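J.: In our numbering, the protein residues as written are 3 to 343.
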C-alpha cells in the first residue's frame with residue numbers, strides 16, 4: 003500500500019479540494035475554500051495523500067501572535083471544520099482502520115506545525131482516538147438535526163407549543179418574506195446581542211457575517227427569512243446557508259419590543275420548508291447551541307439531538323517560546339535602563 007503523506011495544498015488545488023468536499027460524507031459548506039477565504043484569516047488546507055490520491059483533508063484557520071505563537075483556531079460563525087474523508091465503500095472494519103491511519107497522520111502533522119490548536123469536527127466525524135493518541139484533549143457539544151423526508155411528519159413531530167406559536171403568528175397577520183437584504187436581517191441579530199449584553203460579539207461577528215453573505219450570495223447558497231407584522235415591519239429573522247447535503251441555521255434575530263413569541267418560530271418554519279420544497283434537501287441542521295433558552299427553542303422543532311466534538315492541544319514549545327520572548331524583552335529593557343545610568 004502506498005505510504006500516506008500529509009502536505010499543504012496549493013491555491014491551484016483548491017478547486018479540486020472543493021470537489022472533494024462536495025463528495026465527502028463529512029464535507030460541509032464550511033470546509034470549502036471560498037468559505038475559508040471569507041473568514042478574512044490565514045488558512046491552510048492539509049491534504050492526506052495515498053500516492054497521488056487525495057484521501058482526507060483538514061482545513062486550518064490560524065494566526066501568529068507577537069510572541070511567535072502559532073495558533074490554529076476556530077473562526078467565527080463556523081460551526082464545523084475537522085477532518086473529512088473520501089467516500090469509502092469498503093466494509094466497516096477496513097474503512098475505520100483506513101480513517102484512523104489518515105487521522106493519525108494529519109494529527110501528527112498539525113501537532114508539529116502549531117503551538118495551540120482548537121477546532122470543531124462535524125457531527126459525522128466521531129472517531130477522535132487518533133487525535134487523543136497524539137495527545138489532544140477532546141470535548142462535546144450538541145446540535146439538532148431535523149430529517150425532512152416528509153414535511154407533514156415534521157409538522158406533526160414538533161412540540162405542540164411550537165406549532166401553536168406558528169399558528170398564532172399566522173392568525174396575527176405575521177408573514178415571512180425571503181430577502182436578500184442582509185443588513186435588515188443583521189440589524190435584528192444586533193438587537194438580540196445587545197439585549198443579551200453581548201455587544202463584544204458584534205465586533206467579532208459583523209465583518210465575518212457580511213463577508214460570508216457576500217461570498218455565498220454569489221454562489222447561491224444563502225438566504226434570509228424575515229417575519230413581518232401587518233405594518234410590514236421586520237420583527238424576527240432567520241438566516242441559513244446550505245450545501246448539497248443540508249441547510250444550516252447560522253444567524254437569527256428578534257425585535258423584543260414587538261414581543262410576539264411566534265415570529266421567530268414562523269421564520270424558522272419557513273426556512274425549514276424552503277430547505278425541503280425548493281432546495282430539495284432532506285436535512286436541516288440547527289447548528290446547535292449550549293445556551294439553554296436557544297437550545298430549548300431548537301429542540302421544540304423535533305430534530306434529533308446529535309453530538310459533535312472538538313479537539314484542543316497546547317505544547318511544550320509554547321512555554322519555551324513565551325519564556326524566550328520574555329527573556330529577550332527583559333534583556334532589551336535591562337540594556338535600555340543601562341543606557342540611562
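C-beta: ideal position from N, C-alpha, C; glycine also. Just so you know, these numbers come straight off a predicted model, no measurement behind them.
Suppose the cutoff is 8 angstroms on Cβ atoms and the five residues either side in sequence are ignored; what does the same chain contact list for residue 112 look like?
T.: Hits under 8 angstroms: 48, 60, 62, 74, 119.
J.: DSSP beta-bridge partners for residue 147?
T.: Answer by DSSP bridge pairing, in chain order: 287, 306.
J.: If we count Cβ pairs, one from each stretch, closer than 8 angstroms, do we get three or more for the region 221-236 versus the region 38-45?
T.: The region 221-236 is not in contact with the region 38-45.
J.: Please list, in chain order, all residues of the same chain as residue 150 whose beta carbon is under 8 angstroms from its beta carbon, the five residues on each side excluded.
T.: Same-chain partners within the cutoff: 156, 274, 277, 278, 283, 284, 285, 286.
J.: If the criterion is Cβ atoms closer than 8 angstroms, does the pair residue 239 and residue 190 meet it?
T.: Cβ atoms of residue 239 and residue 190: closer than 8 angstroms.
J.: Distance check for residue 139 and residue 228, CA to CA, integer angstroms please.
T.: Rounded to the nearest angstrom, the two C-alpha atoms are 40 angstroms apart.
J.: Let me confirm a value: residue 96 is counted as buried when at least 16 other C-beta atoms fall within 10 Å, else exposed. Which label applies?
T.: So residue 96 counts as exposed.
J.: How do the region 297-306 and the region 100-110 stand: do at least 3 beta-carbon pairs fall below 8 angstroms, yes or no?
T.: No, because fewer than three Cβ pairs between the region 297-306 and the region 100-110 fall closer than 8 angstroms, the two stretches do not touch.
J.: Using a Cβ distance threshold of 8 angstroms, determine whether the region 49-59 contacts the region 166-178, with at least three qualifying pairs required.
T.: No: fewer than three Cβ pairs fall under 8 angstroms.
J.: So, are the CB atoms of residue 25 and residue 101 less than 8 angstroms apart?
T.: No, the pair does not count as a contact, with Cβ atoms beyond the cut-off.
J.: Is it buried or exposed, residue 342, if we count other Cβ atoms within 10 angstroms and call 16 or more buried?
T.: Bear in mind that the predicted position of residue 342 carries a pLDDT of just 42, short of 50, making it unreliable; the figure below should be weighed with that in mind. With fewer than 16 Cβ atoms within 10 Å of its Cβ, residue 342 is classed as exposed.
J.: Can you name, in chain order, every residue of its own chain whose Cβ lies under 6 angstroms from the Cβ of residue 184, other than the five neighbours on each side?
T.: Once the five neighbours on either side are set aside, the close Cβ partners of residue 184 are 215.
J.: Ordered along the chain, which non-local residues of its own chain (more than five positions away) have a Cβ less than 8 angstroms from that of residue 308?
T.: If we look at residue 308 and ignore the five residues flanking it on each side, its Cβ neighbours are 125, 144, 145, 146, 147.
J.: Can you tell me the Cβ-Cβ gap for residue 264 and residue 162, rounded? I've got them flagged as a contact below 8 angstroms.
T.: Not a contact, Cβ separation roughly 13 angstroms.
J.: Just to confirm the assignment: which complete beta strand (DSSP E) runs, minimum length 3, are found wholly within the region 161-213?
T.: Fully enclosed beta strand (DSSP E) runs of 3 or longer: 177-181.
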